[in-house]
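If you're matching them up, the sequences are chains A and S in order. If you use the working numbering, the first sequence closes out at 163, no skipped numbers anywhere. If you use the working numbering, the second sequence closes out at 88, no skipped numbers anywhere. In what follows, a structure is listed as structure tokens, so that the remarks can point back to it.
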Amino acid sequence: MINLELGYFIAKFYLAGYFLCFFLSFNNKYDNKSNLIITTVALINCIFNQYLKEILDFYTFYLGAAFQLLTLLLISIIIHLFFKVKHEKSTVFVYGLYIFIVISYLIIHRVRVVMFDSDEHIMWLINGQSIFTLTLYFLSICVFIYGSKTLWKSQFGRLSSLF
Amino acid sequence: MEIAIWTFIVIVLVALFKTLKFEKYNSLYDERQLLTRYFEIKKINPDSRVAEFKVWEKAAQNLIEQNKNKKVDNIIKFKVFDNTKQLS
């Protein structure tokens, strides 16, 4: 756990980033609906996360986070199948990032609760894990922006046919 | 609790691979892609296609009119071959 004020700042920054990605992919009418689905589900997850954080205690904190991420993946898969939208490669890449985050959560839970039962001796590990997850979330935001970049192509791509 | 989440990871991974395989081998998704592409092409400035067709039509009409005026019978006839045709 890094400094709380810095953590809240990064969380706000990431929320803004997710909202930007949602806005970009919502405006993209022509292709890559897969990106829209994963961004909406991730944004809802971000907002719901703030309420869930207060419910969880020391023993279920990381397990709850892991469970939430996995439900995110499952819900997005179900929505893809329901609306018959094909998975893009970028979406599958984001799934992979989220599964890495889940595995890191489970490892930190194992070390913190079962082996040490305290935070004092393993602060370096917790810090490293939080840095790891934050970089992966940042990478996921970059991939979302890459997925919604076709906005430009679909809006202005047919100027060449006009002239 | 921890084991439950490990099993949940496995379930999610299996579901993901199953859906990817389903999407790869089901023709429904290709058809949808083709339809979207068709409508995209249809939206691209239909006037240009009509204009192109009109230009081609004018050229064809000009060609036909010129051919009517300049029509020359260039076929050389030999009586011998006509006779053979009649025989066969």
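Where a beta carbon is used, it is the ideal one built from N, C-alpha and C, also for glycine.
Find the nearest neighbour of residue i within the set the options, judged by alpha-carbon distance.
| i | options | result |
| --- | --- | --- |
| Ile-145(A) | Phe-23(A), Tyr-8(A), Phe-13(A) | Phe-23(A) |
| Ile-3(S) | Gly-147(A), Ile-103(A), Cys-142(A), Phe-9(A) | Ile-103(A) |
| His-109(A) | Phe-61(A), Ala-42(A), Leu-20(A) | Phe-61(A) |
| Thr-19(S) | His-87(A), Ser-118(A), Val-113(A) | His-87(A) |
| Tyr-137(A) | Asp-117(A), Gly-96(A), Val-114(A) | Gly-96(A) |
| Thr-40(A) | Leu-72(A), Phe-9(A), Tyr-98(A) | Leu-72(A) |
| Tyr-29(S) | Phe-132(A), Ile-55(A), His-80(A), Tyr-14(A) | His-80(A) |
To the nearest angstrom, report how far apart residue i and residue j are at their CA atoms.
| i | j | result |
| --- | --- | --- |
| Gln-66(S) | Ala-60(S) | 10 Å |
| Phe-83(A) | Phe-22(S) | 14 Å |
| Ala-11(A) | Leu-134(A) | 9 Å |
| Asn-3(A) | Cys-142(A) | 24 Å |
| Asn-53(S) | Pro-46(S) | Note that residue 53(S) is Phe in the sequence shown, not Asn. Their backbone Cα atoms lie some 11 Å apart in a straight line. |
| Ile-9(S) | Gln-68(A) | 11 Å |
| Ile-55(A) | Lys-89(A) | 35 Å |
| Phe-17(S) | Tyr-98(A) | 15 Å |
| Arg-49(S) | Ile-101(A) | 52 Å |
Does any CB atom of chain C fall closer than 9 Å to the CB of residue i?
| i | result |
| --- | --- |
| Ala-15(S) | Given the protein chain composition of this structure (A and S), no chain C is represented. |
Can residue i and residue j be called in contact, C-beta distance under 9 Å?
| i | j | result |
| --- | --- | --- |
| Ser-140(A) | Gly-7(A) | no |
| Asn-35(A) | Gly-147(A) | yes |
| Phe-19(A) | Leu-43(A) | yes |
| Leu-74(A) | Val-12(S) | yes |
In chain order, what residues of the same chain lie with their CB nearer than 7 Å to the CB of residue i, ignoring the 5 residues before and after it?
| i | result |
| --- | --- |
| Ile-38(A) | Ser-76, Thr-91, Val-94 |
| Leu-162(A) | Confidence at Leu-162(A) is low in this model, with a pLDDT of 49, below 50, so its placement is unreliable and no value can be given for it. |
| Met-123(A) | none |
Whose C-beta lies closer than 8 Å to the C-beta of residue i among residues of the same chain, with five residues either side of it excluded?
| i | result |
| --- | --- |
| Ser-88(S) | The predicted model places Ser-88(S) with a pLDDT of 48, which falls under 50 and marks its position as unreliable; any figure quoted below should be read in that light. Counting only Cβ-Cβ distances below 8 Å, and skipping sequence neighbours, we find nothing. |
| Lys-33(A) | Phe-83, Val-85 |
Original post:
For the region 70–82 of chain A, which residues have a beta carbon sitting closer than 9 Å to at least one beta carbon of chain S?
Top reply: Leu-70, Thr-71, Leu-73, Leu-74, Ile-77, Ile-78, His-80, Leu-81
Subject >> Where the region 44–68 of chain A meets chain S: residues whose CB sits under 7 Å from a CB there >> reply: Leu-63, Ala-66, Phe-67
Subject >> Within 9 Å of chain S by C-beta, residues of the region 118–132 of chain A in sequence order >> reply: none
**OP:** Give, in chain order, every residue of the region 78–108 of chain A whose Cβ lies closer than 8 Å to some Cβ of chain S.
**Re:** His-80, Leu-81, Lys-84, Lys-86, His-87, Val-92, Tyr-95, Ile-99, Val-102, Ile-103, Leu-106
**OP:** Quick one: which residues of the region 40–62 of chain S get their C-beta closer than 9 Å to a C-beta of chain A? List them in chain order.
**Re:** Glu-40, Lys-43, Ile-44, Asn-45, Ser-48
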